[in-house]
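Trainee:
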Amino acid sequence: MHLVIDNVRFAYQSSDVLKNVSFEASAGEVIGILGKNGCGKTTLMKCINAHLAPHSGCVTIDGNDVSKMTKKKLAGSMAVVAQHVNMSFPFTVLETVMMGLYPTSEWLRPPTEEEMIRISEAMISTGVTEFAERPVTELSGGERQRVLIARALVQDPKIFLLDEPTLHLDINHQFNLMEMVNRLAREKNMLVIIVTHDIALAARYCDRVMLMEKGEIVGSGDAKDVITSENLLKVFSVRADVSYDERINGLNVMFIGRK
Amino acid sequence: MESTVEELNEIRKKMFRKNMIVATVTTIVLILALILSLSVGPVKLSLADVFASLIGKGSENYIIQNVRLPRILCCVLVGAALSVSGLAMQGLFRNPMASPSVIGVSSGAAFGASLAMGFGVGLTFGMYAVPAMSFVFCFGTMFLVYILARTSGGTSVTMLLLAGIAVGAFFNGMVSVVQYIVDESTLPGIVYWLMGNVADCRWPEFRLALIPVIAGMIIIWMRAKELNLISLGEEQAENLGVNVDQTRILLLIGSSLAVAGAVSISGIIGFVGLIIPHVFRMIVGPDHKVLVPLSIVGGAAFLIIMDVVSRSIMSPVELPIGILTALLGAPFFIYIMRTKRKFMMGGD
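Which chain is which? The protein sequence lines are A and B, in order.
Take the first sequence: its letters are residues 1 to 259, numbered as in my numbering.
Take the second sequence: its letters are residues 260 to 607, numbered as in my numbering.
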């Protein structure tokens, strides 16, 4: 599986939000996209999942333009966990997770044994089986987030887009989620793209980190090459010490303060 | 892993059993209501008379076969249509307060129908002029309210109700204009029709409403799964693979067909589409695959019971059924508004 973002430009009214963004990614990678508020991260995600149509350029999966794929076909190869998720109606956790079967479902056909196994796997790996019967409207933000990830896993995607997945989670669940995502990328050979504000988590768990500024990718590569004191000062206007820490076998980011 | 699969299957079975019990009880209520309503009226009939008349043998088979039966079957159509289209609108607008009368759609349909009745607009459709004009205005009004109330994350309750009030008021005004300028001989008919009642419904009315109502219900039921996903928000639904634009249009057409079919034979009967889906949602949860059939059966039973009450409460005078549902529905509306405040604001 190969994802290509080719010269994507997008504008709201007259101001460009994405200016000719290009990159490629393959199955098994975990990519973190970092940047200030309003730098175009979420817009980029929406172009990748064909929710927005780029004004020029295109996004392709194995050569197929996402904007020309049917929604069902796209949902069968790409799952999204969005940032703001509204739950107006009290579906149970199980009902919500089962909605992930939609891309392969038929009218009124009950799920097959194989699909139930997929649902169980997704619910076990996100730890939501214990509240299968509870309405999603009664869950905490973090619990709900895990339910939505379980639903996305049921789609059995090749590409998994997560927008601020750790926002509502406590630190333990943040680690848990990022470890899970890494494991899934390896075991299921999935491409994971995470938009996040959490620089430390991205530094620790992403194979590749991309820095965005004003609609452009200004840095891309290994975390140790991209998450540097200079880049953080330039993009976020904060002073930080970045050092290798052997206890975590990764980068340790220590923020000192604003410029 | 296997134990989890079993556990989840057990939960699904439990839900299925519960739904089946509710469906059975609702169907029994419908059947009892049908039998009861056939025997109640100015001429009281025993159950034996009713059954004999149904097979053409009793002494009163004219009343049963040509007056009561078509009227009751019209109640079935109207109740089912209003209830299921209310349900579809609530899911589509992501908003438990939506229903044909609350968001002004019934008023739009009423205007279309009164144009047809008052001036013969749409004569090319012959006997279908009233339902055809109802449908056109119903669809137009629903689309207009939807566009006006739409925000980035769905429709907000406030915007929806306000848009509904404004659009509804406009069409009510237009209906008054029609009443004001129309021929004196057609006026009483329009006024009586607007109160909402099924007293004059016979076989021709039943046949008139049958096709649009059934077609509307089928369209909505075919899209029940999509309705579940859209009720979570359009972006989420799209991410899960729903073709939102196409589904939205289909649901608007389906609800408009059902409402137009109902309104053109019974006039404006309010609040059925608010009360029935809400009651079932409280009992079986928000799954539209279950709610659609339940709302159809439940809406039919509810309207038959309302019809029996409207016939017997001031007997021998009949109260128009629309007055009765409004008297019941308005307090129910206030009840939802007060108790489900958080739920209600979900679309905001």
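Even for Gly, the Cβ is constructed at its ideal location relative to N, Cα and C.
Just the C-alpha distance for B:I595 and B:L351, rounded to the nearest angstrom, thanks.
Mentor: Taking the straight line from one Cα to the other gives about 19 Å.
Trainee: According to DSSP, what are the bridge partners of A:F255?
Mentor: A:A240, per the DSSP bridge assignment.
Trainee: Between A:E246, A:L74, A:L251, A:D241, which has its C-alpha nearest A:G257's C-alpha?
Mentor: When only C-alpha atoms are compared, the closest one is A:D241.
Trainee: How about B:I270: is its C-beta nearer than 8 Å to some C-beta of chain A?
Mentor: Judged by the 8 Å Cβ criterion, B:I270 is in contact with chain A.
Trainee: Nearest by alpha-carbon distance to A:R208: which of A:L34, A:V21, A:G215, A:S105 is it?
Mentor: Among A:L34, A:V21, A:G215, A:S105, the Cα nearest to that of A:R208 is on A:L34.
Trainee: Bridge partners of A:R295, per DSSP?
Mentor: There is simply no residue 295 of chain A to check, as chain A begins at 1 and stops at 259 in what is shown.
Trainee: Does DSSP put A:E216 in a helix, in a strand, or in coil?
Mentor: A:E216: strand per DSSP, three-state reduction.
Trainee: How about A:N49: is its C-beta nearer than 8 Å to some C-beta of chain B?
Mentor: Closer than 8 Å to some Cβ of chain B, the Cβ of A:N49 qualifies, so yes.
Trainee: Just to confirm, are B:G526 and B:G475 a CB contact at a threshold of 8 Å?
Mentor: Cβ distance not < 8 Å, so B:G526 and B:G475 don't count as in contact.
Trainee: To the nearest angstrom, how far is it from the Cα of B:L304 to the Cα of B:R330?
Mentor: Going by the C-alpha atoms only, they are around 16 Å apart.
Trainee: Anything in chain B within Cβ reach of A:M123, meaning under 9 Å, just list it in chain order.
Mentor: Per Cβ cutoff of 9 Å: T263, L267.
Trainee: Could you name the residues of the same chain whose beta carbon sits closer than 7 Å to that of B:W462, not counting the 5 residues immediately before and after it, in chain order?
Mentor: Only P329 meet the Cβ criterion.
Trainee: How many angstroms separate the CA atom of B:L486 from the CA atom of B:A347?
Mentor: Whole-angstrom Cα-Cα distance: 7 Å.
Trainee: Could you spell out where the alpha helix (DSSP H) holding A:I194 opens and where it closes?
Mentor: Element bounds for A:I194: not the alpha helix (DSSP H) but the beta strand (DSSP E), 191–195.
Trainee: Using alpha carbons as the reference points, say which of A:S56, A:V226, A:H51, A:A25 lies closest to A:L18.
Mentor: That would be A:S56, whose Cα lies nearest to the Cα of A:L18.
Trainee: Just reading off the alpha helix (DSSP H) that B:H537 is part of, what are its end residues?
Mentor: Residues 531–543.
Trainee: Determine the contact status of B:I555 and B:S569, defining contact as a CB-CB distance below 8 Å.
Mentor: No, the pair does not count as a contact, with Cβ atoms beyond the cut-off.
Trainee: Excluding sequence positions up to five away, which residues of its chain have a Cβ less than 8 Å from the Cβ of A:S14?
Mentor: Correct list: empty, nothing qualifies.
Trainee: Please confirm whether A:L167 and A:L3 have their CB atoms less than 8 Å apart.
Mentor: Not in contact: A:L167 and A:L3 (Cβ atoms no closer than 8 Å).
Trainee: Assuming A:D16 is part of the beta strand (DSSP E), what are its boundary residues?
Mentor: Per DSSP, A:D16 belongs to the beta strand (DSSP E) from 15–26.
Trainee: Would B:L499 count as contacting chain A if we go by Cβ distances under 8 Å?
Mentor: B:L499 counts as touching chain A.
Trainee: So, helix, strand or coil for A:T92, using DSSP?
Mentor: In this structure, A:T92 counts as strand in the three-state DSSP scheme.
Trainee: Which value, in whole angstroms, describes the spacing of the CA atoms of A:D170 and A:H51?
Mentor: For A:D170 and A:H51, the distance between alpha carbons rounds to 30 Å.
Trainee: Given this structure, state the Cα-to-Cα distance separating A:E24 from A:I159, to the nearest angstrom.
Mentor: Cα to Cα, the separation comes out at about 13 Å.
Trainee: Taking 8 Å as the cut-off, decide whether the C-beta atoms of B:F592 and B:L511 are in contact.
Mentor: No, these two residues do not count as a Cβ contact at 8 Å.
Trainee: Starting from A:M78, follow its DSSP beta bridges and name the residues at the other end.
Mentor: For A:M78, which the question treats as bridged, DSSP gives the partners A:I159.
Trainee: Would you kindly check if the distance between the Cβ of A:A75 and the Cβ of B:N502 is under 8 Å?
Mentor: Against a cut-off of 8 Å, the Cβ pair of A:A75 and B:N502 comes out as no contact.
Trainee: Name the residue from B:E319, B:F394, B:I572, B:L267 whose alpha carbon lies nearest to the alpha carbon of B:L467.
Mentor: Measuring from the Cα of B:L467, the nearest candidate turns out to be B:F394.
Trainee: Check the DSSP bridge columns for A:T60 and list the partner residues they point to.
Mentor: In DSSP, A:T60 forms a bridge with A:V4, A:D65.
Trainee: At 4 residues or longer, and completely inside the segment 547–583 of chain B: list those alpha helix (DSSP H) runs for me, N to C.
Mentor: If we require 4 residues or more, the alpha helix (DSSP H) runs fully inside the segment 547–583 of chain B come out as 547–571.
Trainee: Using the beta-carbon of each residue, which ones in chain A are nearer than 7 Å to B:P545?
Mentor: In chain order: F89, P90, F91.
Trainee: Answer with buried or exposed for A:N49, where buried requires no fewer than 16 other C-beta atoms within 10 angstroms of its C-beta.
Mentor: Classification of A:N49: buried, given that the 10 Å Cβ count is 16 or more.
Trainee: Just to make sure I have the definition right: I need the residues of chain A whose C-beta is within less than 9 Å of the C-beta of B:P513. Which are they?
Mentor: Here residue 513 of chain B is Gly; the residue named in the question, Pro, does not match the sequence. Correct list: empty, because the minimum Cβ distance to chain A is about 14 Å.
Trainee: Can you give, in chain order, each stretch of the alpha helix (DSSP H) that sits fully within the segment 336–379 of chain B and has at least 4 residues?
Mentor: Those alpha helix (DSSP H) runs which fall completely within the segment 336–379 of chain B and span 4+ residues are 364–378.
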